[in-house]
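Plus 128 on top of the position in the sequence shown (first one is 1) and you've got my numbering. Take a look at the structure set out below.
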Amino acid sequence: MTIHNGLRAMVAMLCAVAALSIGVAPAAAADPLDYVVHTEHVQVGPYPVKVGFTVWPLRAMQSLDFTFQPDGGIAGKSGTIATIAPDGREEADRLSRHPRNREVWGLDVESLDSSGTWTLQFTIDGPQGEGTGDLSVDVLRQPGPPLALSWLVGLTPLALTLVFFAVVWIRTGRLAGEPLRRPWSSTSGRASGAFRGRRTRRD
Numbered sequence: 129m130t131i132h133n134g135l136r137a138m139v140a141m142l143c144a145v146a147a148l149s150i151g152v153a154p155a156a157a158a159d160p161l162d163y164v165v166h167t168e169h170v171q172v173g174p175y176p177v178k179v180g181f182t183v184w185p186l187r188a189m190q191s192l193d194f195t196f197q198p199d200g201g202i203a204g205k206s207g208t209i210a211t212i213a214p215d216g217r218e219e220a221d222r223l224s225r226h227p228r229n230r231e232v233w234g235l236d237v238e239s240l241d242s243s244g245t246w247t248l249q250f251t252i253d254g255p256q257g258e259g260t261g262d263l264s265v266d267v268l269r270q271p272g273p274p275l276a277l278s279w280l281v282g283l284t285p286l287a288l289t290l291v292f293f294a295v296v297w298i299r300t301g302r303l304a305g306e307p308l309r310r311p312w313s314s315t316s317g318r319a320s321g322a323f324r325g326r327r328t329r330r331d
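Shown next as structure tokens:
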């Protein structure tokens with residue numbers, strides 16, 4: 129493969145990636161409620177809450193959106209959500225509006241990092257006082273190959289691309305730094321030496 133062919137292939141690949149990104153962008157900006165495929169209900173004190181999932185069943189390390197819709201909407205209410213892992217790890221966050229639907233609470237492109245039974249623990253404070261409630265969800269094992277192998281496969285094209293450009297840079301740098309050689313210089317030197325030798329014999 130010549131340098132020009134390689135560069136043309138790289139440009140074609142970058143154009144394909146750009147076209148794919150443009151095609152995915154509208155879906156990424158869509159209302160998450162349009163993609164909810166499963167719902168669960170949890171009673172948080174006096175507040176019934178519908179929990180939506182854009183992927184079901186849940187699998188470890190699989191990205192999805194969560195939506196939280198209390199009856200009567202979120203106006204005048206606030207609260208927190210704590211995710212409790214099977215091993216007891218706990219992480220709490222404030223319930224905030226979903227970035228792609230400001231009428232509901234939610235989590236945008238989140239994942240649960242291990243399989244097992246997770247607990248979503250809600251606390252809501254509103255016109256009827258404060259309440260708490262738990263929702264347990266089962267998370268299956270991570271889909272596909274192990275994470276390390278996925279990273280290796282994903283980074284291989286990038287590594288090959290870097291090697292290709294390194295080879296091109298080294299070769300072009302050598303060609304640019306080499307001095308101009310005269311193809312007749314060695315022949316000219318031999319001819320001048322022979323001429324000097326003939327003069328010496330005549331003397």
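Idealized CB from N, CA, C, for every residue including glycine.
Would you check if the distance between the CB atom of Asp199 and the CB atom of Pro160 is smaller than 7 Å? no
Within this structure, are the beta carbons of Phe181 and Ile209 separated by less than 7 Å? no
Spatial neighbours of Glu168 within its chain, please: C-beta separation below 8 Å, excluding the five flanking residues on both sides. Lys178, Val179, Phe181, Leu263, Val265
Just verifying my parser: in three-state terms, what is the DSSP assignment at Arg228? coil
Reduced DSSP secondary structure (H/G/I, E/B, other) of Thr167: strand
Using the beta-carbon count (16 or more within 10 Å), is Val152 buried or exposed? With a pLDDT of 40 at Val152, under the threshold of 50, the modelled position of that residue is not reliable, and the figure given next carries that caveat. Classification for Val152: exposed.
Examine the Cβ distances between the region 213 to 224 and the region 241 to 249 and report whether three or more of them are shorter than 8 Å. yes
Please classify Gly282: does DSSP put it in a helix, a strand, or coil? helix
Sub-7 Å separation of Leu240 and Val267 beta-carbons: yes
Rounded to the nearest angstrom, what separates Ile212 and Leu280 at their Cα positions? 30 Å
Please report the distance separating the alpha-carbon of Leu235 from that of Val295. 45 Å
Relative to the C-alpha of Val170, which candidate in Arg230, Gly282, Thr260, Trp297 has its C-alpha closest? Thr260
Runs of beta strand (DSSP E) wholly within the region 169 to 197 (minimum 3 residues, chain order): 175 to 181
Sheet register partners of Gln256 (DSSP bridge): Answer by DSSP bridge pairing: none, since Gln256 is not bridged.
Report the rounded CA-to-CA distance for Thr289 versus Val164, giving the unit in angstroms. 39 Å
Limits of the beta strand (DSSP E) - the one that Ala203 falls within: Where Ala203 is concerned, there is no enclosing beta strand (DSSP E), given that its DSSP letter is neither H nor E.
To the nearest angstrom, how far is it from the Cα of Ser242 to the Cα of Pro185? 14 Å
First and last residue of the uninterrupted beta strand (DSSP E) at Ala220: 218 to 222
How long is the line joining the alpha carbons of Val172 and Thr195, rounded to whole angstroms? 15 Å
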